[in-house]
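For the record, the sequence lines run as chains E and D.
The first sequence: position 18 = 18 (the UniProt record's numbering), numbered continuously.
The second sequence: position 587 = 587 (the UniProt record's numbering), numbered continuously.
We put the beta carbon where it would ideally sit given N, CA and C, even for glycine.
Number of protein chains: 2
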Amino acid sequence: MLFQRVSKGVVTIASGSWTKVTCKCCFTDAVRPLLVIELNKDVQLETKEWIISKIEAPANKQGAQLLAHPGEDDDGDMILVAAPSCTLLRNAEALGLSKAYRDGTMLAFSYPDRANFKNADNVEELLTLAEQQYISKKELDDLKAGTNESIPGCSKDKGSLYPGELIFQKLEKSGIVKTMYPLHDKEKLSAFSKQWYSQFNFGVQPLDYIHSYFGGTVAFYFSFLGFYTLSLLLPAVLGAVLYFLPWNSLNGQVLLAIFNVVWSTVVLELWKRRSAELAYGWGTLLLNSTFEEPRPNYRGTMGHNPVTRRWEPYFPSAERKKRIWFVSTPVVCAFLWLTVMGMVAYFYLEWCAKDYYSREPSWLAMPLLYLPSVLHILYVDFMNHVYKTVAHMLTEWENHRVESDFQKHYTLKVLVFSFINCFAVLFYIAFYKQDLELLRKRLASLLIVSQIINQVTEALVPYLQERFLPSQGTKQREADPHIDKLRAQGCQPEYPGLFAEYIELFVQFGYLSLFSCVYPLTAALLFLNNVTEIRTDALKICKLFRKPFVAPAANIGIWQTAFEALGFVSVISNCWLILISPQVTGYCQENGVSFRYALLCTIALEHVLIILKVVIAFVIPDLPKWVRIKVAQLEFRSRQALKTVA
Amino acid sequence: MLFQRVSKGVVTIASGSWTKVTCKCCFTDAVRPLLVIELNKDVQLETKEWIISKIEAPANKQGAQLLAHPGEDDDGDMILVAAPSCTLLRNAEALGLSKAYRDGTMLAFSYPDRANFKNADNVEELLTLAEQQYISKKELDDLKAGTNESIPGCSKDKGSLYPGELIFQKLEKSGIVKTMYPLHDKEKLSAFSKQWYSQFNFGVQPLDYIHSYFGGTVAFYFSFLGFYTLSLLLPAVLGAVLYFLPWNSLNGQVLLAIFNVVWSTVVLELWKRRSAELAYGWGTLLLNSTFEEPRPNYRGTMGHNPVTRRWEPYFPSAERKKRIWFVSTPVVCAFLWLTVMGMVAYFYLEWCAKDYYSREPSWLAMPLLYLPSVLHILYVDFMNHVYKTVAHMLTEWENHRVESDFQKHYTLKVLVFSFINCFAVLFYIAFYKQDLELLRKRLASLLIVSQIINQVTEALVPYLQERFLPSQGTKQREADPHIDKLRAQGCQPEYPGLFAEYIELFVQFGYLSLFSCVYPLTAALLFLNNVTEIRTDALKICKLFRKPFVAPAANIGIWQTAFEALGFVSVISNCWLILISPQVTGYCQENGVSFRYALLCTIALEHVLIILKVVIAFVIPDLPKWVRIKVAQLEFRSRQALKTVA
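Below, the structure is given as structure tokens:
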């Protein structure tokens, strides 16, 4: 289904072949609707028309320079939005996307020089669907009210706008716009989705398709997941060999501890290189940082932004710091305390259970021994859930101006908590109790239980839902066969984002790098888990949720740092586990080595491993050679261009 | 003395008032000679004329777009070079220098928008003398030969040029150009130099003058030196109090060890902020990285550069890596081994001396006890010297293509060696011998001896030389009163650069942060040393050496990392010194605490201090708030500009 611009300003839907459309400044072979704006049912026609006029107005009239269509009825609750190529291309330049130049190399796209880029005449080929949708969304988000403007068809109170207010934020806050979502392209999706989530195609995901269809951050998540899963093969095989072979008892734990430290460093470094290759191929390696608009939930008294000099809500950063230090920090600490208390309760209960069992040993009382563990795992899971909600509320209340600050503070809160919540017990067992047998049991039950929970909630439920229950969208479609297929997409639940997925990976990477030397099967179990994880995540994003708006990305961002930080902690825990391993303590006793000497050696080993980590990170270049040459070429060319222009 | 452009292409020296000059594309109120090219005496007139024509040719004829004057005689051995404002301004844009905009804020200079910058009509005000000289030098360095060109007036062999060869590199290699140096401006220099190096103006150096006269890296060196010296006041006072007060013995060493770790972290973080403020004020905060031309000494078979596609010498990086790993690394290791052997010899000698003294104690044999120390200090100094020469030769032989790679490898070599050479003995005494008394004695003698050597070689000799011996330049001037004053500047020795100065700071920062807790007077001694150091360094650059070409800089570069790395090592050494301090060992013995427990506590302290360091570095923002807002404004404006243009 396509738009047809019949005369200036009027666009109708033309189903069937692609139709020529001319915008005020460019000529586009065809446009298609990229996203849907769903309005409230009781929105006035004049409000809808005003929104459409804003969307279609050119930049010099503070419009979004997009194409809008009022859906089936002029007064219906839907606006379809498409984008002319000039708008898309100008934004591609502003974002700093690189595209294939005439001579085949990737070059930062330049609107004035657009004729020299491949597919310059066909924006559908030049920009991916995800990029087009992201740019259109960004244009809408950036729409600002002029002076003395207000939303027509609204009460004065509800429709008032201050100059420079972000229009779509206001529309969403006042409930006029219910939701916005990018549209699926079923044809494109089916071209790769089946192969992605249902066939057995080990390690080879259709990454380029994923990138062009779903966009940067999603593609990077799946690339990282695939890369990490593949790299689990080596520790999985090594661990299985050590676990099952008779010379297990020899030096397996020491070997595995050192292997883990080196492996985690090398994998993260190699991922950086892989990530740079992908980003180069996707044209996002040299992305511009965009100037961020305030978040929708940002509140404050009106004032002048010191940077832009615009009149907008202003919230003093001193006040925010107060909130962070005097409210958020204590609350976070309280949660950490609750977690530690939960751990104490767990150990007490376990002691009770053992005590009871030792007094009245019976076949029936056996499960009682496992009850505290299971209870605690459930408690941890529950706390995790509650804390995330609280952390989100707190971060919201801290009132960060831009989304990236919000994300940073939220991520930090959740990471600290996840770390304590998931690993405190294991650290306690390893460092304080120094009971390796218990650590092994605990790790095994954690991996197996969380694996089962994970598979059930993430795989089985969606599978059954998809298989046996018709989705909400399908139901509605059947009830009213005339309703636009588009609407069905809007009925799907919103995509929950990648945050939870990354936290899951963070936790399992922690199990592996921090403690897996006492339980060599860890990597193999995680490998199995991730092979299904890829498929369930793929199924979720393709079928079960609404398509998300996804920004272009150059890497996995803050998560790289989080994983690397875990790598440093893993040096400490692995060295400690070496020190208290039966192999080392046995050796010390046999040869009369004092604990003092063994401890000093361990500290030396710790420092050597940390230096080794730093050296490995330094020796492996972050960019592969060919990418470095390409980037140097690119910079050289733009410098040459600057000279010529000047 | 100024240039006067009489008719196109011809420039004469006009002494006295500034004279109007018009270049092909711009109108400059006045130009003055910025640098001198000294030719070999036997250079042919036609060669000199060819060089001048190259210097004056416009960019589209592959010239340097500068103004040249043949000195007193047309066939003399000198060329004076000046720069028209258009050349200077275009290069200012290419370098990414920020300048004051009409509204007072700093903005990346833009040549097309030059009219809106303050002092746009007066390049002397807009660009500093150092920037003008650097730009002129860069234009000369970048001069490339055209196709089928050769140096006239030379033998065919000597004068052949391949297309794209860097002309001035060739001229210097073939001995046609003896040297190039920027000219002093005695008036400007005397305006601030006296106050700088001779008056007692504690902590307040005329930094802005230094920056505009000498340029970026020099100004940053002196700023860092001043900042660091000032920040020494706190540990100097604290150390002196602990040293002289009776409660010295209490917990002084423990207190000072922890103080040292925190102090070094905070100082380096605050320096980053200070450095950003300076860079903002000097317009170098957002410098462009320039595309570097090959080094003069880069050799190789001719080939196509993969980045620029230019025809130039090419040396495969695999071959370079072979040289680094199979020659340089073993040689460096051999030197490190020699250093350690020297240390062993020192301890052996000291043992001998003590043995002798215990057998035949006499007043005369007393000095013998100090002989090994003095000998070893001299050996260390000697090795330092030899190694630097060898390291330079090796790095030269590794054949790095660009100067920054060369500097990186050379700096790394020298840093590793300096670290071992200066600190190995102290580490040996602290960690292996665990003899705090010896460590204290050693540190005191190192500080005092090196201070004396330093003052004599760096301060007294130049002072006496300046005072009593007429400099070479002055002598020559007296012998031939007609000789140009300019020539006198060329007779001064070349400025040796800041590398040795930074290494000196690195070593003293090491003494302070690694070991000073056992000898609390360290900071006070270093403070005294640095107060004179600032003055002698200032005297050297102002009076005793030829003026150097200095690049604009945004910070102290790699040295920040080197000092920060030292900070991490200092955590280890300070924790260890706490562990073996008499206070802690005494406490352990009194209270029956096992060594094992004390060791575990120390390790915990080490990890806490490292986390504290990381947290401090994270909590103190790298840019002060006002600089952050300015930078955000700047980025916002350039983004707005991009939108308007597009």
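- For Leu95(E), the uninterrupted alpha helix (DSSP H) segment begins and ends at Ser85 to Leu95.
- Arg596(E) reaches chain D at Phe595, Arg596 and Leu599, counting residues in chain order whose Cβ is nearer than 8 angstroms.
- Residue pairing of Ala100(E) in beta bridges, as defined by DSSP: Met106(E).
- Under DSSP, Ala82(D) takes part in a beta bridge, and its partners are Leu67(D).
- Taking 7 angstroms as the Cβ-Cβ cut-off, the segment 280-312 of chain D approaches chain E at Phe291, Pro306, Val307 and Thr308, given in chain order.
- Between Ala391(E) and chain D, the shortest Cβ-Cβ separation is not below 9 angstroms.
- Among the CB atoms of chain E, one or more fall inside 9 angstroms of the CB of His607(D).
- Taking 9 angstroms as the threshold, the shortest C-beta distance from Ala553(D) to chain E does not fall below it.
- If you check the CB distance, Thr179(D) and Gly497(D) do not come in under 9 angstroms.
- When only Cα atoms are considered, Tyr298(D) and Glu504(D) end up about 29 angstroms apart.
- Leu286(E) carries a coil assignment under DSSP once its states are collapsed to helix, strand and coil.
- DSSP places Gly303(E) in the uninterrupted beta strand (DSSP E) bounded by Thr301 to His304.
- With fewer than 16 other Cβ atoms inside 10 Å of its own Cβ, Asp103(D) counts as exposed.
- The alpha helix (DSSP H) runs lying completely inside the segment 377-450 of chain D and spanning 4 residues or more are 403-427, given in chain order.
- In the pairwise beta carbon analysis, the segment 225-241 of chain D is classified as not touching the segment 566-577 of chain D: fewer than three pairs are separated by under 8 angstroms.
- When secondary structure is reduced to three states using DSSP, Ser150(E) falls in the strand class.
- For Phe636(D), the closest Cβ of chain E is nearer than 9 angstroms.
- The beta strand (DSSP E) runs lying completely inside the segment 155-227 of chain E and spanning 3 residues or more are 177-182, given in chain order.
- Residues of chain E with a Cβ closer than 9 angstroms to the Cβ of Gln633(D) are, in chain order, Pro306, Val307, Thr308 and Arg309.
- Tyr410(D) is the residue among Tyr410(D), Ser516(D) and Gly164(D) whose C-alpha sits nearest the C-alpha of Thr389(D).
- Rounded to whole angstroms, the gap between the alpha carbons of Ala617(E) and Thr561(E) is 13 angstroms.
- In the three-state reduction of the DSSP assignment, Val36(E) falls in the strand class, which pools E and B.
- For Ile503(D), there are no neighbours in chain E by C-beta distance under 9 angstroms, as the nearest C-beta there is about 21 angstroms away.
- Contact between Ser212(E) and Thr105(E) does not hold, since their C-beta atoms are separated by about 19 angstroms, which reaches or exceeds 8 angstroms.
- Taking a C-beta distance under 9 angstroms as the contact criterion, Leu447(E) and Cys517(E) do not qualify as a contact pair.
- If you check the CB distance, Gln253(E) and Gln583(E) come in under 9 angstroms.
- Per DSSP, the unbroken beta strand (DSSP E) holding Tyr314(E) starts and ends at Trp311 to Tyr314.
- Comparing alpha-carbon positions, the option among Asn91(E), Trp626(E) and Ile51(E) lying closest to Ala551(E) turns out to be Asn91(E).
- Close CB contacts of Glu293(E) within its chain, under the 7 angstroms cut and outside five residues either way in sequence, are with Asp141, Asp142 and Leu166 (chain order).
- Flagged as an interface residue toward chain D: Ile629(E), by a C-beta distance shorter than 9 angstroms.
- No Cβ of chain E is located within less than 9 angstroms of the beta carbon of Ile452(D).
- Within chain E, Ile603 have C-beta atoms less than 7 angstroms from the C-beta of Ile603(D), given in sequence order.
- Taking a beta-carbon distance threshold of 9 angstroms, Ile572(D) counts as an interface residue toward chain E.
- Short of 8 angstroms from the beta carbon of Phe192(D), and not among the five residues preceding or following it, lie these beta carbons of its own chain, in chain order: Pro206, Tyr209, Ile210 and Tyr213.
- Within the same chain, Gly300 and Asn399 come within 6 angstroms of Phe315(E) by CB-CB distance, once the 5 residues on both sides are set aside.
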